[in-house]
Amino acid sequence: MAITAAALQAAADSANTLQVYKVLQGPLVLDATYDSFYVDGLQTYPGRSMWVATTKAGNAAAQHAEVLTALAAGPFDANVVVPG
């Protein structure tokens, strides 16, 4: 099930502390399996703003985990996508 940017942001930072990451855009539909969100790593992953592919079948918590994994890995991780 595809989730909204607001649902992903709530899973990441329900208290809105801006300490984890900020969802800036999305979801961008990549195909039947993946969506993509543009996220800024803020203080936890400074300097890391990227498009991250997430599995549509996952709930907000699962997609949050995918975003954290991609941010930790950096811009050369396989889950980081450049749309277009």
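Sequential numbering of the sequence shown, starting at 158, is according to the working numbering.
Glycine is no exception: its CB is placed at the ideal position from the N, C-alpha and C atoms.
Problem set entry | Proximity of residue 212 and residue 226 at Cβ, strictly below 8 Å | no
Exercise. When the Cα atoms are used, what is the spatial distance from residue 174 to residue 166?
Worked result: 11 Å
Exercise. When the Cα of residue 180 is compared with those of 216, 193 and 231, which residue comes out closest?
Worked result: 193
Exercise. Does the beta-carbon of residue 219 have 16 or more other beta-carbons within 10 angstroms, so that it is buried, or is it exposed?
Worked result: exposed
Exercise. Across which residues does DSSP place residue 161 in a beta bridge pair?
Worked result: According to DSSP, which records beta bridges pairwise, residue 161 is partnered with nothing at all.
Problem set entry | Beta bridge counterpart(s) of residue 227 as assigned by DSSP | For residue 227, which the question treats as bridged, DSSP gives no partner whatsoever.
Exercise. Helix or strand or just coil, what does DSSP make of residue 182?
Worked result: strand
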